[in-house]
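Trainee: Residue 386 is where the sequence shown starts when you use this note's numbering, and the numbers rise one by one after that.
All residues carry an ideal CB built from backbone N, CA and C; glycine is no exception.
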Amino acid sequence: MPNLDRFSQGLPDPQDKPLDMVGVCGCGCRERIYFGDKGVWRDDGVYYVNGDHYAKASGAEGMDVEWS
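1. Within the chosen definition, does the stretch 431-440 reach the stretch 404-416 through at least 3 CB pairs nearer than 8 Å?
2. Quick check on the DSSP output: the alpha helix (DSSP H) that includes G436 runs from which residue to which?
3. Under three-state DSSP, which class holds D428?
4. Could you please give me the residues that DSSP links to R417 through a beta bridge?
5. Taking the alpha carbon of K402 as the point to measure from, which residue in F420, N388 and Q394 has its own alpha carbon closest?
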């Protein structure tokens, strides 16, 4: 016999749904960027996965420091 108690199942877990996709990397690699990702760079509304991808897209020829 099924349990007819409406509280026995509980509410759906909000963590079970897929993450919200913010966009794709603007350097051309088309890597997806999701809400909550760390190290995401943004320039004029264009998102980049990390500093290396931003440097590639901006045409930087060399980097003086390691980007995180």
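Mentor: So, from the listed chains and residues:
1. Taking 8 Å as the limit for Cβ pairs, the verdict is that the stretch 404-416 does touch the stretch 431-440.
2. Note, G436: alpha helix (DSSP H), G436 to S443.
3. In the three-state reduction of the DSSP assignment, D428 falls in the strand class.
4. Per DSSP, V409.
5. It is F420.
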